[in-house]
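For the protein sequence lines, the chains are A and B, in the order given.
In this text, residue positions in the first sequence follow numbering that gives the first Met the number 0: the first is 0, and each later residue adds one.
In this text, residue positions in the second sequence follow numbering that gives the first Met the number 0: the first is 0, and each later residue adds one.
Okay, so here's the structure we're looking at.
There are 2 protein chains.
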Amino acid sequence: MDATAPQSPAGLRTTASWLLNQAAAHAGRLASAGFAAHDLRGYHFRLLASLAEDGPASQAALGRRCGIDRSDVVAAINDLAGRGLVVRAPDPADRRRNVISLTAAGADEAHRMADTVARVQDDLLAPLSSAERAQLIRLLTRLLEHHHNN
Amino acid sequence: MDATAPQSPAGLRTTASWLLNQAAAHAGRLASAGFAAHDLRGYHFRLLASLAEDGPASQAALGRRCGIDRSDVVAAINDLAGRGLVVRAPDPADRRRNVISLTAAGADEAHRMADTVARVQDDLLAPLSSAERAQLIRLLTRLLEHHHNN
DNA sequence: CGAAAACGTTGGCTGGACCAACGTTGGTAG
DNA sequence: CTACCAACGTTGGTCCAGCCAACGTTTTCG
Numbered sequence: 000m001d002a003t004a005p006q007s008p009a010g011l012r013t014t015a016s017w018l019l020n021q022a023a024a025h026a027g028r029l030a031s032a033g034f035a036a037h038d039l040r041g042y043h044f045r046l047l048a049s050l051a052e053d054g055p056a057s058q059a060a061l062g063r064r065c066g067i068d069r070s071d072v073v074a075a076i077n078d079l080a081g082r083g084l085v086v087r088a089p090d091p092a093d094r095r096r097n098v099i100s101l102t103a104a105g106a107d108e109a110h111r112m113a114d115t116v117a118r119v120q121d122d123l124l125a126p127l128s129s130a131e132r133a134q135l136i137r138l139l140t141r142l143l144e145h146h147h148n149n
Numbered sequence: 000m001d002a003t004a005p006q007s008p009a010g011l012r013t014t015a016s017w018l019l020n021q022a023a024a025h026a027g028r029l030a031s032a033g034f035a036a037h038d039l040r041g042y043h044f045r046l047l048a049s050l051a052e053d054g055p056a057s058q059a060a061l062g063r064r065c066g067i068d069r070s071d072v073v074a075a076i077n078d079l080a081g082r083g084l085v086v087r088a089p090d091p092a093d094r095r096r097n098v099i100s101l102t103a104a105g106a107d108e109a110h111r112m113a114d115t116v117a118r119v120q121d122d123l124l125a126p127l128s129s130a131e132r133a134q135l136i137r138l139l140t141r142l143l144e145h146h147h148n149n
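Below, the structure is given as structure tokens:
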């Protein structure tokens, strides 16, 4: 933007989007490793966690909650239903919708995954004090909130 | 894992790895949109930026600098070379290596991309004060450093 | 000298994020 | 009441980033 700017190194390594990318990639690797123990992947976890936290919902609503495209929700719910972690029932009140609910096994799995994820967080945030962790979470939350209702 | 823990919501939305994932995804979208104007993608930018900052290098070294797999460097350098942004020359001192260097056009493009990326950063970090931006960058850097030499 | 390592390259696979299209169902404006 | 439009689930496809295995060549090291 500013041709007069003395070519400040720009320094890939101090660029926020680069740092975010790398940090998220690392977090993703840790999380994936954790999920692998449950033979599940990111989408599955998000859906289970959302169902456990906020209760049953239609697939479209789940997608909105989790930031997953409708079409990807279909496949993930297929998987989860196939494993008996979730049930897909037509919504009597609106026949366009399927209501997705956790089974008992699904609630169990969600709980276990939450434990796994908690361990991953500790691992990921190991170098930060708890005040710093809170700060990081606060900053990221602000960022997302801003861009969510931009 | 502490059954005594009062079932603290775990709250997907307050999980560091979730927030990082979402923030990085958003940053990625912004960056991609910026790159699209140059008809290039993430890998291309990283390589150009690294070459502009730290000078010519072998493909393997570039991959290490940029966190890109050797095999992916091949394809990206093919693209860049095809556009005349970069030259691939055998290293006389070590015939295993190709030395990659920016052309004048490549240096130009790297400069323009840096401008684009700077704009993206401003957009991304809009909701944060400059002190907060610095703080965020500091925290992320600490995280990466720790996990880099874990 | 011989084994081990590094390099460039090919080819392939995964996961996450998207998008377009379709038929069905629901709501709503005329 | 009839159109029309919006939302839903579903299919099928694309794209990018990341990763891994294998190969032949070249270099380094024991």
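Even for Gly, the Cβ is constructed at its ideal location relative to N, Cα and C.
Predicted, not measured: the structure shown is a model, and the values here were computed from it.
Note down the Cα distance separating residue i from residue j, rounded to an integer number of angstroms.
{"i": "A/D38", "j": "A/N97", "result": "25 Å"}
{"i": "A/F138", "j": "A/D121", "result": "Looking at the sequence itself, residue 138 of chain A is Leu, so the reference to Phe does not match. Rounded to whole angstroms, A/L138 to A/D121 spans 18 Å at the Cα level."}
{"i": "B/A26", "j": "B/G10", "result": "23 Å"}
{"i": "A/A80", "j": "A/S57", "result": "14 Å"}
{"i": "A/G66", "j": "B/V72", "result": "31 Å"}
{"i": "A/A32", "j": "A/A130", "result": "27 Å"}
{"i": "A/R12", "j": "B/S128", "result": "20 Å"}
{"i": "A/V116", "j": "B/L18", "result": "13 Å"}
{"i": "A/M112", "j": "A/P126", "result": "23 Å"}
Below 8 Å on the Cβ atoms is my guess for residue i versus residue j; work out the distance and round it to an integer in Å.
{"i": "B/S100", "j": "B/V86", "result": "5 Å"}
{"i": "A/L84", "j": "A/L47", "result": "7 Å"}
Please tell me whether residue i has its Cβ less than 8 Å away from any Cβ of chain B.
{"i": "A/G66", "result": "yes"}
{"i": "A/N20", "result": "yes"}
{"i": "A/S16", "result": "yes"}
{"i": "A/Q150", "result": "This structure leaves residue 150 of chain A out entirely; chain A is present only between 0 and 149."}
{"i": "A/P126", "result": "yes"}
{"i": "A/Q58", "result": "no"}
{"i": "A/A48", "result": "yes"}
{"i": "A/L11", "result": "yes"}
{"i": "A/L84", "result": "no"}
Taking the beta carbon of residue i as the centre, do at least 16 other beta carbons fall within 10 Å, making it buried, or is it exposed?
{"i": "A/N148", "result": "exposed"}
{"i": "B/G105", "result": "buried"}
{"i": "B/E108", "result": "buried"}
{"i": "B/T14", "result": "buried"}
{"i": "B/A201", "result": "An answer regarding residue 201 of chain B cannot be provided, because it is not within the stretch 0 to 149 covered by chain B."}
{"i": "A/G166", "result": "Since the first and last residues shown for chain A are 0 and 149, residue 166 of chain A lies out of range."}
{"i": "A/A30", "result": "buried"}
For residue i, decide whether its Cβ has a neighbour in chain A, counting only Cβ atoms nearer than 8 Å.
{"i": "B/V72", "result": "no"}
{"i": "B/G62", "result": "no"}
Can you tell me whether DSSP reads residue i as helix, strand or coil?
{"i": "B/R40", "result": "coil"}
{"i": "B/A88", "result": "strand"}
{"i": "B/I76", "result": "helix"}
{"i": "A/A117", "result": "helix"}
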